[in-house]
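Colleague: One structure is given below, represented as C-alpha cells, and several questions about it will come after.
2 protein chains.
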Amino acid sequence: MLAKCKCKNIPKAKLTEIIDGLPEETIIDQLCEFFKVFGDSTRLKILYFLSCNEFCVADLSNLVRMQQSAVSHQLQTLRLHRLVKCRKEGTTSYYSLDDNHVQEIFGIALEHINEGLVK
Amino acid sequence: MLAKCKCKNIPKAKLTEIIDGLPEETIIDQLCEFFKVFGDSTRLKILYFLSCNEFCVADLSNLVRMQQSAVSHQLQTLRLHRLVKCRKEGTTSYYSLDDNHVQEIFGIALEHINEGLVK
DNA sequence: CTATTTAATGAATATATGTTCATTAATTCA
DNA sequence: TGAATTAATGAACATATATTCATTAAATAG
Chain A
15 MLAKCKCKNI PKAKLTEIID GLPEETIIDQ LCEFFKVFGD STRLKILYFL SCNEFCVADL
75 SNLVRMQQSA VSHQLQTLRL HRLVKCRKEG TTSYYSLDDN HVQEIFGIAL EHINEGLVK
Chain B
15 MLAKCKCKNI PKAKLTEIID GLPEETIIDQ LCEFFKVFGD STRLKILYFL SCNEFCVADL
75 SNLVRMQQSA VSHQLQTLRL HRLVKCRKEG TTSYYSLDDN HVQEIFGIAL EHINEGLVK
C-alpha cells in the first residue's frame, strides 16, 4: 500500500479510494488481451472485411493478402476472444462478426487519430 | 485485386466497394499502434490512476509497483501517443490524461468482457 | 560549487507474438 | 475407396516489446 502521496497532498481517504478502485488483476489482464487483439494489422483488416460481409477463409486470405495458415491462426485468436464466429458448410468455414462493439471501438480510435492530425 | 468471391456470389460491384473501403495502410497502422498502447497491463494501470488524479512518476511507480525506469519508459510511449501529458515543476514531472476517449474505450472493453461472463 | 533528488535515456535481455512451412483433419466428389 | 478441396494445427523462426540495470540530465538545496 502507498504510504503517502509525495507529489500532492491528496487526502489519505481519497488515495485509498483510488487504490481500491483499481480493477482486479484478472480484469486488467482481460482488458489487455482484448486490446491486444486489435493491435495487429492483419486482424484489423479481417475485422474490417467481416464488418462488411461474411467471408470464408480462402477469401479472407485473398482479401488481406496473407497465407491461408496465417489467416486461420488469426481467426482462431479472434474466435477465442469472441469477436468472430464461424459456421461450417461442407469443408468451408464462413466467418462473421460476433460482437457489436467492434464498430464502436473503431469509431473512437479513428476519432483519436483524426484529432492528432488536427493538432 | 480479388478476382471473384468464391464463397458467396457477392455482386462484383459490392465486392469492389468493400475492397475500396478498406482504410489505407497508414490509417490501419495508426489504429494498430493506438490499440497496442492499451494492450499492456502496466500502461492500463497507469491510465487508470491518471484517470483519477494527476500523479508524478515516483508515485505512479509506487502505485503500479514497478521500477521508476519502467514507468518512465511507459509514460514515454503514452506521451508519444498523446494519451497523457506532462507538466514540470522543479525536478518533478506531473502526468495527467490528455485524451477524452480513454474512459469511453475502457467502458466498451468492459462491456465486452462482462458479456463474456454472462454467455 | 557540490551533493541530492527526480526523471529520462540507452543497452541488454528475456519473453511474447506473427508468419511460414509442413502436416493433419474433415468433407465432398468421382 | 481414392483424389481433391478447404481449413486447422504444430513447430520453428524472426521480430517486437517490456523490463531491468546503469548512466545521464536537470533542477534544487545546503
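As you go down the protein sequences, you meet chains A and B in turn. Heads up: take any position in the first sequence, counting from 1, add 14, and you land on the numbering used here. Heads up: take any position in the second sequence, counting from 1, add 14, and you land on the numbering used here. The beta-carbon is built from N, C-alpha and C at its ideal position, and this holds for glycine as well. All of these numbers come straight from a predicted model, not from anything done at the bench.
1) What separation, rounded to the nearest whole angstrom, lies between the Cα atoms of C70 of chain B and R79 of chain A?
2) Compute the Euclidean distance between the alpha carbons of Y109 of chain A and L64 of chain A, then round it to the nearest angstrom.
3) Could you check whether the Cβ of H87 of chain A sits closer than 8 Å to any Cβ belonging to chain B?
4) My assumption, with CB atoms under 8 Å, is that L135 of chain B sits in contact with I42 of chain A. Please give the rounded CB distance.
5) In angstroms with no decimal places, state the Cα-to-Cα distance between S86 of chain A and T40 of chain B.
6) In angstroms with no decimal places, state the Cα-to-Cα distance between K28 of chain A and G35 of chain A.
7) Using a Cβ cut-off of 9 Å, pull out every chain A residue sitting near A123 of chain B, in sequence order please.
8) Taking Cβ to Cβ, would you say D54 of chain B is nearer than 8 Å to C100 of chain A?
9) Count the other CB atoms, across all protein chains shown, that sit within 10 Å of the CB of A84 of chain A; report buried if there are 16 or more and exposed otherwise.
10) Quick check on DSSP: helix, strand or coil for E68 of chain A?
11) Quick one: grab the DSSP three-state call for L36 of chain B.
12) By a C-beta neighbour count over all protein chains shown, 10 Å radius and 16 as the cutoff for buried, is L97 of chain B buried or exposed?
13) In the DSSP assignment, find the unbroken alpha helix (DSSP H) run with R93 of chain B in it and report its ends.
14) Can you confirm whether G104 of chain B, when its beta carbon is compared against all beta carbons of chain A, has any partner nearer than 8 Å?
15) Between the C-alpha atoms of S75 of chain B and Q44 of chain A, what's the straight-line distance to the nearest angstrom?
16) Quick one, which residues of the stretch 62 to 93 of chain A are near chain B if we go by CB-CB under 8 Å, in chain order?
17) Distance cutoff 8 Å, beta carbons only. Does K26 of chain A sit that close to anything in chain B?
18) Short check: CB of E122 of chain A to CB of H115 of chain B, under 8 Å?
19) Does DSSP classify L106 of chain A as helix, strand or coil?
20) Compare the C-beta of S110 of chain B against all C-beta atoms of chain A and say whether one is closer than 8 Å.
21) Just to confirm my understanding: we take Q82 of chain B, look at its own chain, exclude 5 residues before and 5 after, and list those with CB closer than 8 Å. What are they?
22) Just to confirm before moving on: does the CB-CB distance between H126 of chain A and D112 of chain B stay below 8 Å?
Modeller: The structure says:
1) So the two alpha carbons sit approximately 45 Å from each other.
2) Their backbone Cα atoms lie some 7 Å apart in a straight line.
3) The Cβ of H87 of chain A sits no closer than 8 Å to any Cβ of chain B.
4) The displayed coordinates of chain B run from 15 to 133. Any statement about residue 135 of chain B would go beyond what the structure contains.
5) Taking the CA atoms as reference points, S86 of chain A sits about 24 Å from T40 of chain B.
6) Each residue's alpha carbon lies about 10 Å from the other.
7) Close partners of A123 of chain B in chain A (Cβ separation under 9 Å): Q44, L45, F48, F49, H115, I119.
8) In this structure, C100 of chain A does not lie closer than 8 Å to D54 of chain B by Cβ.
9) Around the beta-carbon of A84 of chain A, fewer than 16 other beta-carbon atoms lie within 10 Å, marking it exposed.
10) DSSP places E68 of chain A in coil when its eight states are reduced to three.
11) Coil.
12) With 16 or more Cβ atoms within 10 Å of its Cβ, L97 of chain B is classed as buried.
13) Unbroken alpha helix (DSSP H) run through R93 of chain B: 82 to 94.
14) Proximity of G104 of chain B to chain A, defined by a Cβ-Cβ separation below 8 Å, is not satisfied.
15) Cα to Cα, the separation comes out at about 22 Å.
16) Taken in chain order, the members of the stretch 62 to 93 of chain A whose beta-carbon sits within less than 8 Å of a beta-carbon on chain B are Y62, F63, C66, N67, E68, F69, C70, A72, D73, N76, L77.
17) For K26 of chain A, the answer is no, since every Cβ of chain B falls outside 8 Å of its Cβ.
18) First, the amino acid is wrong: residue 122 of chain A is Ile here, not Glu. In contact: I122 of chain A and H115 of chain B (Cβ atoms closer than 8 Å).
19) Inspection of the sequence shows that residue 106 of chain A is occupied by Thr rather than by Leu. T106 of chain A falls in the strand class under three-state DSSP.
20) No, no contact with chain A.
21) The beta carbon of Q82 of chain B sits closer than 8 Å to the beta carbons of V71, A72, S75 from its chain, once the five residues preceding and following it are set aside; these are given in chain order.
22) Using a Cβ distance threshold of 8 Å, H126 of chain A and D112 of chain B do not count as a contacting pair.
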